[in-house]
Amino acid sequence: MLERALGDFAVTYELNVAIDSPTHRFYRSAELHRNILDVFNEYGVAIMTPAYIADPAEPKLVPQEQWYAAPAKSPEDKGKQTPST
């Protein structure tokens, strides 16, 4: 992972990954982004947009037991619809 830039409100990182099948690039990219957000959330790090007025009184985090509340799908359910790599 590379630190690409120091912006006014955030650090810009670059993460390079390889996949077996480039035809599934967009699906894998979305899956990677979901996993990154889930891990940040799991560790109590709220990813905020820089266009806010003030920090919220309460963190805007979703407890892990609610990650797959409808209409979300669990990783097991997602695996059933995942294209093969």
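Quick note on the numbering used here: the sequence shown kicks off at 209 and runs consecutively. Ideal Cβ positions, reconstructed from N, Cα and C, are used throughout, including at glycine.
Margin query: By DSSP's criteria, residue 221 is part of a beta bridge. Which residues make up the other side?
Written below: Sequence index remark: in the sequence shown, residue 221 carries index 13 (1-based). Bridge partners of residue 221 according to DSSP: 211.
Next item on the list: Alpha carbon to alpha carbon, how far is residue 219 from residue 277? Give it in angstroms, no decimals.
Entry: The residue you call residue 277 lines up with position 69 of the sequence shown. The residue you call residue 219 lines up with position 11 of the sequence shown. The C-alpha of residue 277 lies about 31 Å from the C-alpha of residue 219.
Notebook entry, point to check: Quick one: Cα of residue 247 to Cα of residue 231, how far?
Noted result: The sequence position of residue 247 within the sequence shown is 39, counting from 1. The sequence position of residue 231 within the sequence shown is 23, counting from 1. Taking the straight line joining both Cα atoms gives about 26 Å.
Check: If we ignore side chains and look at the alpha-carbon of each, how far apart do residue 224 and residue 237 end up?
Finding: The residue labelled residue 224 in the question sits at position 16 within the sequence shown. The residue labelled residue 237 in the question sits at position 29 within the sequence shown. Using only the alpha carbons, I get a separation of about 11 Å.
Check: Between residue 210 and residue 221, which are expected to be in contact by the criterion C-beta below 8 Å, what is the C-beta distance as a whole number of angstroms?
Finding: Within the sequence shown, residue 210 is the residue found at index 2, counting from 1. Within the sequence shown, residue 221 is the residue found at index 13, counting from 1. With a Cβ gap of about 7 Å, residue 210 and residue 221 count as contacting.
Margin query: So for residue 230, helix, strand or coil by DSSP?
Written below: Indexing the sequence shown from 1 puts residue 230 at position 22. In the structure shown, residue 230 sits in a helix (DSSP, three-state: H, G or I).
Checklist line | Span separating the alpha-carbon of residue 262 from that of residue 271 | finding: To locate residue 262, count along the sequence shown from 1; it is residue 54. To locate residue 271, count along the sequence shown from 1; it is residue 63. A direct Cα-to-Cα measurement between residue 262 and residue 271 gives close to 22 Å.
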